[in-house]
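See structure below.
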Amino acid sequence: MNLSQYGFSPELLPENAQGLPARITAVHRGRFALISEAGEGYGKLKSAEYDSGREEYPTVGDFVLIHPVPGGDSQIIRTLPRKSFFSRRDPDRGRGEQIIAANFDLVILLQSLNQDFNIRRLERYLTLAWQSGASPVVVLTKSDLTSDPNTYLLQAQTIALGCPILTVSAKTGEGLDDLKKTLCPGMTSVFLGSSGVGKSSLVNALAGEPLMDVGEIREDDGKGRHTTTHRQLLLLPNGTILIDTPGMRELGMWDVSSGLGESFADIEALQTRCRFRDCTHNTEPGCSIREAIENGELSQERWESYQSLRREAKYSDDKEAYLREKQQWYKNIAKWNRRQKSSGKRRWEES
Ligand SMILES: Nc1nc2c(ncn2[C@@H]2O[C@H](COP(=O)(O)OP(=O)(O)OP(=O)(O)O)[C@@H](O)[C@H]2O)c(=O)[nH]1
Ligand SMILES: [Mg+2]
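Residue numbering for the sequence shown follows numbering that gives the first Met the number 0, beginning at 0 and increasing consecutively.
Written out as structure tokens, the structure is:
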């Protein structure tokens, strides 16, 4: 097995790197499924590196360095720097960041053409996707369920500025060829969308074989049943690398301010045309935002979602600064402990 098939290139290796490069394909309660030139296997974190906070916990898609252990779990000794990652506020811990996936080139945002289609949710996903460091692609699934996919396409075009939008059906195969062309071999794409939109069905349709389990949706409201329960990186027969994810129950915002500029480029451009630089877009004369709303160039809903995302982004940014400080604090404690240990003194008790 050549790891380059899984998107690895030697430039990713830092100087004097020790160990064998590998890519994480799934995470199961502290045990990491991985692939390396030695084949498929599992790995566990080397506690001296990870408990001290020196290394970032790996996630699906991460490239790591391992020491293979014959007949057992390899030892993961290092997480290589990420070119992109996607994170959200950890829904279990309330506070803190959960990295969902790493090192992907494309973020595929899926919505299905039934009750799931929601332009405001798509806006939120787009903002997060731009912020990840990769490029978003919007995929409108289950096109066989509507006689008029163009209505949805036009709606999506009004907000997904500068990114491809495709309509597909895993059932009839419509649009699959265009999607295959977009997901080039050697590139990694992560699938994101609510439960039941057909992420795993699409993975199977692209692969031409049933790699992932697929589940029925609820008849009354069209929602999925959370069939996929963990994130999984897969190499398809045509060389495409995909990360299938479970439908997210909660899309927490995290450091979205850098993605807002791209998702709402129209609004940010309008704002620069206001007469006053500090225009609050309420009552000032010469306000381009109010003018655009009045003449129908900008919808009131889009303006409101921009404002609410801005508020959320500001909150997230403050939180991130707080967490960065906290992480540094733990690093300092770990450093202090190491020094104390080597001089035979007492450890700091972490609470
Ligand atoms: N009509 C139609 N149904 C589809 C299509 N794609 C998927 N489905 C159905 O939608 C349901 C959910 O599909 P999944 O692929 O399990 O959805 P998912 O997004 O992976 O869901 P989670 O794993 O729960 O996040 C299944 O009953 C599929 O058969 C499609 O293109 N057209
Ligand atoms: Mg699934």
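C-beta atoms are modelled at their ideal positions from N, C-alpha and C, and glycine is treated no differently.
Remember, it's a predicted structure, so these values are computed and weren't measured experimentally.
- Just so you know, the alpha carbons of Glu300 and Arg119 end up roughly 8 Å apart.
- The Cβ atoms of Leu112 and Tyr151 lie closer than 8 Å to each other.
- For Ile288, the secondary structure class from DSSP, reduced to helix, strand or coil, is helix.
- Look at Thr140: its beta carbon is at least 7 Å from all of the heavy atoms in ligand 2.
- The continuous alpha helix (DSSP H) containing Asp177 extends over residues Leu175 to Thr181.
- Using a Cβ distance threshold of 8 Å, Phe103 and Thr239 do not count as a contacting pair.
- Per DSSP, the continuous beta strand (DSSP E) segment holding Gln231 begins and ends at Gln231 to Leu234.
- Boundaries of the alpha helix (DSSP H) harbouring Glu122: Ile118 to Gln130, taken from the DSSP string.
- Here the distance from the Cβ of Pro245 to the nearest heavy atom of ligand 1 is below 7 Å.
- Thr78 sits away from Leu232, with the two beta carbons spaced by 8 Å or more.
- Distance from the C-beta of Ser188 to the nearest heavy atom of ligand 2 is not below 7 Å.
- As for any alpha helix (DSSP H) of minimum length 4 sitting wholly inside the stretch 33-70, the runs are 46-49, ordered along the chain.
- In this structure, DSSP gives Leu139 an extended state, which the three-state scheme calls strand.
- The beta carbons of Ser134 and Phe84 sit no closer together than 8 Å.
- Three or more beta-carbon pairs separated by less than 8 Å link the stretch 139-147 to the stretch 190-209, which places the two stretches in contact.
- Exclusion of the five residues before and after Gln114 leaves Asp220 and Gly221 as the residues of its chain whose Cβ lies within less than 7 Å of its Cβ.
- Around Asn203, the same chain offers Ala169, Pro209, Leu210, Met211 and Val213 as residues with beta carbons nearer than 8 Å, after the five sequence neighbours per side are excluded.
- Beyond the five residues adjoining it in sequence on each side, Leu235 comes within less than 7 Å, by CB distance, of Leu205, Ala206 and Leu241 in the same chain, given in chain order.
- At least one heavy atom of ligand 1 is found less than 7 Å from the C-beta of Lys170.
- Residue burial annotation: Asp61 is buried, with at least 16 other C-beta atoms found within 10 angstroms of its C-beta.
- Annotation for Thr226 indicates a beta carbon within 7 Å of some heavy atom of ligand 2.
- Here His280 is not bridged, per DSSP, to any residue.
- By a beta-carbon distance limit of 8 Å, Ala100 contacts Arg230. Their separation comes to about 6 Å.
- In the three-state reduction of the DSSP assignment, Ala16 falls in the coil class, being assigned neither a helical nor a strand state.
- For a cut-off of 8 Å, the C-beta gap from Gly38 to Ile65 is around 12 Å, too long to register as a contact.
- Ranked by Cα distance from Leu125, the first of Asn149, Pro148, Leu144 and Thr157 is Thr157.
- In terms of side-chain proximity, the C-beta atom of Lys198 is found nearer than 7 Å to a non-hydrogen atom of ligand 2.
- With respect to the C-alpha of Phe7, the residue from Gln17, Val63, Lys45 and Glu14 having the closest C-alpha is Val63.
- When the five nearest sequence neighbours on each side are left out, the beta carbons in the same chain lying within less than 6 Å of the beta carbon of Thr171 are those of Asp143, in order along the chain.
- Looking only at Leu11, Cys278 and Glu293, the smallest Cα-Cα distance to Arg81 is reached by Leu11.
- Straight-line spacing of the CA atoms in Gly174 and Leu153 works out to 17 Å.
- Here the distance from the Cβ of Met0 to the nearest heavy atom of ligand 2 is not below 7 Å.
- Cβ contact annotation for Ser193 (same chain, cutoff 6 Å, sequence separation greater than five): Asp115 and Gly246, in chain order.
- Excluding five sequence positions before and after Tyr5, the CB atoms of its chain that fall closer than 7 Å to its own CB belong to Arg22, Ile34, Leu234 and Ile240, given in chain order.
- Boundaries of the beta strand (DSSP E) harbouring Val189: Thr187 to Leu191, taken from the DSSP string.
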